[in-house]
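Numbering (the numbering used here), first residue to last: 11 to 258.
Heads up, the beta-carbon is just placed ideally off N, CA and C, and yes, glycines get one too.
Shown next, in structure tokens, is the structure this report addresses.
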Amino acid sequence: MIREDYPYLYETHLHTKQSSACAHNTGKEMAQAAKDAGYTGIIVTDHSWYGNNCIDQSLSWEEWIEQFCKGYEDAKAWGDKIGLDVFFGYESCYRGTEFLVYGVDKQWLKSHPQIKDATIPEQHQMIREAGGMVIHAHPYREEYYIPKIRLFPKDIDGVEGINATHSSHLSHSHNDPEFDKRAIAYAKEHNLPMTAGSDIHTTQLLGGGMAFKRRLHSIEDFCRAVLGGEDYLLTSGDTWFDKKGEPV
Numbered sequence: 011m012i013r014e015d016y017p018y019l020y021e022t023h024l025h026t027k028q029s030s031a032c033a034h035n036t037g038k039e040m041a042q043a044a045k046d047a048g049y050t051g052i053i054v055t056d057h058s059w060y061g062n063n064c065i066d067q068s069l070s071w072e073e074w075i076e077q078f079c080k081g082y083e084d085a086k087a088w089g090d091k092i093g094l095d096v097f098f099g100y101e102s103c104y105r106g107t108e109f110l111v112y113g114v115d116k117q118w119l120k121s122h123p124q125i126k127d128a129t130i131p132e133q134h135q136m137i138r139e140a141g142g143m144v145i146h147a148h149p150y151r152e153e154y155y156i157p158k159i160r161l162f163p164k165d166i167d168g169v170e171g172i173n174a175t176h177s178s179h180l181s182h183s184h185n186d187p188e189f190d191k192r193a194i195a196y197a198k199e200h201n202l203p204m205t206a207g208s209d210i211h212t213t214q215l216l217g218g219g220m221a222f223k224r225r226l227h228s229i230e231d232f233c234r235a236v237l238g239g240e241d242y243l244l245t246s247g248d249t250w251f252d253k254k255g256e257p258v
């Protein structure tokens with residue numbers, strides 16, 4: 011019944027090996043896996059400049075961005091052939107604290123090199139001025155590469171309330187459902203919208219993401235849906251929640 015009412019499922023947190031050093035599959039392979047699993051679309055969110063990235067840091071800014079977008083472009087080209095929506099995003103990193111950035115594109119990045127060394131408040135201001143949004147990824151995850159949990163409720167547009175690696179029975183990393191429980195409580199405390207994604211790095215999909223009643227048209231449409239209060243569901247692949255994080 012849930013999927014009948016919300017038939018359009020999107021993976022919002024996905025990595026490719028063209029840009030993310032921790033990923034194992036190409037954009038094309040990830041797109042095909044998502045299509046086979048019944049997703050309507052995916053958002054490619056590779057690790058960027060100060061994250062776990064595999065692009066040569068000696069390249070010029072414009073060439074670096076050109077290479078950085080290869081995973082997305084690979085997925086997009088294949089998605090267009092098989093009927094899968096593929097949108098662009100990226101994951102920024104500030105000393106272990108990570109954010110999912112949606113709503114800007116390759117040309118915007120090329121023309122805004124200052125985003126690389128922007129502070130967290132500056133990042134938020136720049137992305138919002140560009141019409142995008144900043145989501146705090148897995149804010150309560152505890153791992154060796156995260157020195158400490160840092161929260162920035164005034165410098166984000168929303169919270170990744172559900173990260174499927176924390177609770178999916180298929181996940182082999184970051185397993186602790188408490189991370190999501192705390193993220194949901196944090197979003198509620200500050201009245202921030204929530205997103206959900208799987209944080210996948212291989213074609214072994216976890217089934218997480220966000221389900222909508224309609225098909226999305228673009229990454230800008232995704233941002234409007236989240237920020238505008240549109241009705242959608244969150245899922246870890248095993249459990250479904252309303253947009254406020256309540257089980258359904």
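Does DSSP put TYR82 in a helix, in a strand, or in coil? Sequence index remark: in the sequence shown, residue 82 carries index 72 (1-based). The answer is helix: DSSP assigns TYR82 an H, G or I state.
Considering just the uninterrupted stretch of the beta strand (DSSP E) at LEU243, what are its terminal residues? Reading the sequence shown from its first residue, position 233 is the one you call residue 243. Counting along the chain, the beta strand (DSSP E) containing LEU243 begins and ends at 242-245.
Let me confirm a value: PRO131 is counted as buried when at least 16 other C-beta atoms fall within 10 Å, else exposed. Which label applies? Position 121 of the sequence shown, counted from the first residue, corresponds to residue 131. Taking all protein chains in view, the Cβ of PRO131 is surrounded by fewer than 16 other Cβ atoms within 10 Å, so the residue is classified as exposed.
Tell me GLY3's beta-bridge partners as DSSP assigns them. Only positions 11 to 258 of the chain appear in this structure, which leaves residue 3 out of reach.
Considering HIS25, what are the terminal residues of the alpha helix (DSSP H) in which it resides? Residue numbering aside, residue 25 sits at position 15 when the sequence shown is read from its first letter. DSSP places HIS25 in no alpha helix (DSSP H); its state is neither H nor E.
May I ask which residues mark the beginning and end of the alpha helix (DSSP H) holding ASP2? What the structure shows of the chain is the stretch from 11 to 258, and residue 2 is not part of that stretch, so it cannot be assessed.
Using only alpha-carbon positions, find the residue among THR36, TRP59, ASP56, ALA47 that is nearest to TRP88. Residue numbering aside, residue 88 sits at position 78 when the sequence shown is read from its first letter. It is THR36.
Three CB pairs or more closer than 8 Å across the region 226-243 and the region 90-101: Contact between the region 226-243 and the region 90-101 is present, because at least three Cβ pairs lie under 8 Å.
Excluding sequence positions up to five away, which residues of its chain have a Cβ less than 6 Å from the Cβ of LEU119? Indexing the sequence shown from 1 puts residue 119 at position 109. In chain order, ILE75 place their CB closer than 6 Å to the CB of LEU119, counting only its own chain and leaving out the 5 sequence neighbours on each side.
Starting from the Cα of LYS45, find the closest Cα among GLU170, CYS32, GLY93, ASN173 and give me that residue. Here residue 45 refers to the residue found at position 35 of the sequence shown. When each option's Cα is compared against that of LYS45, the closest is GLY93.
Selection from ARG151, TRP59, ILE145 that minimises the alpha carbon distance to ASP167: As a first step, residue 167 must be located in the sequence shown, where it is residue number 157. Measuring from the Cα of ASP167, the nearest candidate turns out to be ILE145.
For GLY238, count neighbouring C-beta atoms within 10 Å of its own C-beta (all shown protein chains included) and say buried if the count is 16 or more, exposed if not. The sequence position of residue 238 within the sequence shown is 228, counting from 1. So GLY238 ends up on the exposed side.
ASP248 in three-state terms, based on DSSP: Translated into positions along the sequence shown, residue 248 becomes position 238. Reduced to three states, the DSSP call for ASP248 is coil.
Is the separation between the beta-carbon of ILE65 and that of TYR20 shorter than 9 Å? Here residue 65 corresponds to residue number 55 of the sequence shown, with the count starting at 1. Here residue 20 corresponds to residue number 10 of the sequence shown, with the count starting at 1. Not closer than 9 Å, so no.
Please classify SER68: is it buried, with 16 or more other beta-carbons within 10 angstroms of its beta-carbon, or exposed? Here residue 68 refers to the residue found at position 58 of the sequence shown. It counts as exposed.
Burial state of HIS179, where buried means 16 or more other Cβ atoms lie within 10 Å: Translated into the one-based positions of the sequence shown, residue 179 becomes position 169. Per the 10 Å Cβ criterion, exposed.
Can you tell me whether PRO157 is buried or exposed, with buried defined as 16 or more other CB within 10 angstroms of its CB? Residue numbering aside, residue 157 sits at position 147 when the sequence shown is read from its first letter. By the 10 Å Cβ count, PRO157 comes out exposed.
Do GLY281 and GLU108 have their C-beta atoms closer together than 9 Å? Residue 281 lies beyond the residue range present for the chain, which begins at 11 and ends at 258; the question has no answer from this structure.
Here's a check: name, in chain order, each residue in its chain whose Cβ is nearer than 6 Å to the Cβ of SER246, leaving out the five neighbours to either side. For the purposes of this step, residue 246 is taken as the residue at position 236 of the sequence shown. In the same chain as SER246, and ignoring 5 residues on each side of it, the C-beta atoms closer than 6 Å to its own belong to ILE172, ALA174, SER177, SER178, GLY218, in chain order.
With DSSP collapsed to three states, give me the class of THR213. Locating residue 213 in the sequence shown gives position 203, where the first residue counts as 1. In this structure, THR213 counts as coil in the three-state DSSP scheme.
Taking the straight line between their C-alpha atoms, what separation do you get for ALA41 and GLN135? Counting from one through the sequence shown, the residue named residue 41 turns up at place 31. Counting from one through the sequence shown, the residue named residue 135 turns up at place 125. Their backbone Cα atoms lie some 31 Å apart in a straight line.
Sort out for me which residues DSSP pairs MET143 with in a bridge. Locating residue 143 in the sequence shown gives position 133, where the first residue counts as 1. Residue pairing by DSSP places MET143 opposite TYR112 in a beta bridge.
Counting along the chain, where does the beta strand (DSSP E) carrying ILE65 start and finish? Within the sequence shown, the letter at position 55 stands for residue 65. Under the DSSP assignment, ILE65 falls outside any beta strand (DSSP E); it carries neither an H nor an E label.
Proximity winner among GLN77, LEU215, GLN117, ARG151, relative to LEU24 (alpha-carbon distances): One-based indexing of the sequence shown puts residue 24 at position 14. Across the set GLN77, LEU215, GLN117, ARG151, the C-alpha of LEU215 shows the shortest separation from the C-alpha of LEU24.
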